Amino acid sequence: MKDPECIFCKIAGGEIPSTTLYEDEDFRVIFDISPASFGHALILPKEHYANVYELGDNEASKLFVVAKKVAAAIKEETGCDGLNILQNNGEIAGQTIFHFHTHIIPRYKGDSATITWKHLEPEMDKLSALAENIKSKLQ
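Using UniProt numbering, count along the sequence shown one by one with no gaps and you end on 139.
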């Protein structure tokens, strides 16, 4: 299903021009028009999913195959020193367009892209309880 108001649905469907790096029946990979670094790409599902929670298992599995293939090609062609594969869910996590998408961000020595956080002291008692609760949801 597509959302007729969603810009990424329009791009993934070919209604809005983009620089397409890869395309198959489920995904379109384009260059980001507001890149964090040279060669920054986005993997867009052709179907509309607002976030990872809506993404189907088959799409999720295929996504990482596509990400691996695109990441390898970007690394080979740009000569980047490394790369980030990033996916945000929810405004608090940095999601600005509510169509699931995955960033492939080439990294270069001295670039200005940052992905950092302050390391916290683990609260082992709380983490143990949380682990048990999560495990029960995954069975």
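Note that beta-carbon positions come from the ideal geometry of N, C-alpha and C, so glycine has one too. Since we're looking at a predicted model, the values are computed, not measured.
#1: Can you give me the C-alpha to C-alpha distance between Lys68 and Phe27, rounded to a whole angstrom?
#2: Look at the alpha carbon of Pro17 and the alpha carbon of Leu44, and state the distance between them as a whole number of angstroms.
#3: So, helix, strand or coil for Val65, using DSSP?
#4: In the stretch 60-131, which residue ranges form an unbroken beta strand (DSSP E) of at least 3 residues, counting only runs that do not cross its ends?
#5: Going by C-alpha to C-alpha distance, which of Pro35, Ser34, Leu42 sits closest to Cys9?
#6: Since Ile30 is in the beta strand (DSSP E), which residue starts that stretch and which ends it?
#7: Using the C-alpha atoms, what's the distance from Asn58 back to Ala50?
#8: To the nearest angstrom, how far is it from the Cα of Gly14 to the Cα of Leu63?
#9: Would you tell me roughly how many angstroms separate the C-alpha atoms of Lys135 and Lys126, rounded to the nearest one?
#10: Can you give me the C-alpha to C-alpha distance between Ile92 and Ser34, rounded to a whole angstrom?
#11: For Ile43, which residues does DSSP report across the bridge?
#12: Compare the Cα-Cα distances from Lys46 to each of Glu25, Ala131, Lys75, Thr20 and report the closest residue.
#13: Quick one: residues in its chain with C-beta nearer than 8 Å to the C-beta of Ile7, no 5 flanking neighbours on either side, listed in chain order?
By the coordinates alone:
#1: 13 Å
#2: 14 Å
#3: helix
#4: 82-86, 102-107
#5: Cα-wise, what sits closest to Cys9 is Leu42.
#6: 27-31
#7: 16 Å
#8: Answer to the nearest angstrom: the Cα atoms are 19 Å apart.
#9: 14 Å
#10: So the two alpha carbons sit approximately 19 Å from each other.
#11: Val29, Thr102.
#12: Minimum Cα distance to Lys46 is reached at Glu25.
#13: Ile16, Ile97, His99
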